[in-house]
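Comments concern the structure below.
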Amino acid sequence: MEKLVDIVVVSYNTRSLLLECLQLIYKHTSLPFQIYVVDNGSQDGSVQALKKNSFPHLQVLRNTRNLGYARACNQGILQGNSPYIVLCNSDVMVQEGWLEPLMACIQSDPNIAVVGPKMIDGQGRITAAGVFGTVFDHQPRGYLEPNGLHLYNEQEDCLSVCGALYMIRRDLLSELGLFDENYFFYFEETDYSINARWHGYRVVYCPQSVIRHDVGGSSRNHRQLRQWFENSRNYFEKKWKINWAEHPGEEVGIWQAGSHQETN
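Residue numbers 204 to 467, in the numbering used here, belong to the letters of the sequence shown in order.
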């Protein structure tokens, strides 16, 4: 059966999380898929564990060192040929029916370039419900709020969606390109989303798909994470301020996205 979606999972020393992530993908994914695990130089036996488990429809790309998230994602993307791509963190735990709503959303309009789900952590708190605001002043909506039955459950366009699980179209790669590899970690998905909007495409938050994501599950080195965050933010702001200066008259919708606030 021809594969509909390539699932790219990047891992760096997350063996236990990675194995659980993959097991749940196999358990809860009914549409035809191929998985590409890109290992960024893990030293915890991740690659050996993958070989031992003999997962079907899985290809492992092994880097000898940590090349960063953006570059690893690009490696996985370029290995596949399915029409849709899901970039997935190794600490993401999908649930039953996670993929079908995302697929229905992205297939509903050829102008939708990016789709992302609602994300909840193990304590029932929201970790992602779309990113709103402006290019230079944005934030994830509802972050760490207790999830409610009717909270942020409306599908809508946004500035970006969380990169922990991020669906894109392969047929737009020739126009939008891959992730900018100047980002080692953080901001690569925000950059891609804004670039998609820059080119006239839509970025959509799709809460009909719900997955579990415990923030920071794939890394406990908070000092290193902060350094990567600051480096990426500085590069992001410099890059897009140049674009803003060169195109000050562009439609304001490219640069900001509002939010319809819902209540419990």
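All C-beta atoms in this analysis are idealised placements derived from N, C-alpha and C, irrespective of residue type, glycine included.
Three or more Cβ pairs drawn from the region 384-394 and the region 270-286 lie within less than 8 Å of each other, which places the two stretches in contact. L368 and G300 do not touch by the CB rule: their CB atoms are close to 14 Å apart, not below 8 Å. When only Cα atoms are considered, L225 and W443 end up about 36 Å apart. The C-alpha of T337 is placed about 28 Å away from the C-alpha of G327.
Within its own chain, the residues whose Cβ lies closer than 7 Å to the Cβ of D394, once the five positions on either side in sequence are excluded, are D383, Y386, F439, listed in chain order.
Residue environment: K321 is assigned as buried (16 or more neighbouring CB atoms within 10 Å of its CB, all protein chains considered). DSSP, reduced to helix, strand and coil, places F258 outside both helices and strands of the structure shown, so it counts as coil. Sixteen is the threshold: when 16 or more other Cβ atoms of the shown chains lie within 10 Å of the Cβ of E392, as they do, the residue is buried.
Counting along the chain, the unbroken beta strand (DSSP E) around P410 starts and ends at 405-416. Under the three-state reduction of DSSP, A316 is assigned to strand. The bridge partners DSSP lists for H341 are G336. The beta carbon of G380 lies closer than 7 Å to none in the same chain, with the five residues before and after it left out. About 5 Å separates the beta carbon of N243 from that of N266, a gap short enough to meet the 8 Å contact definition.
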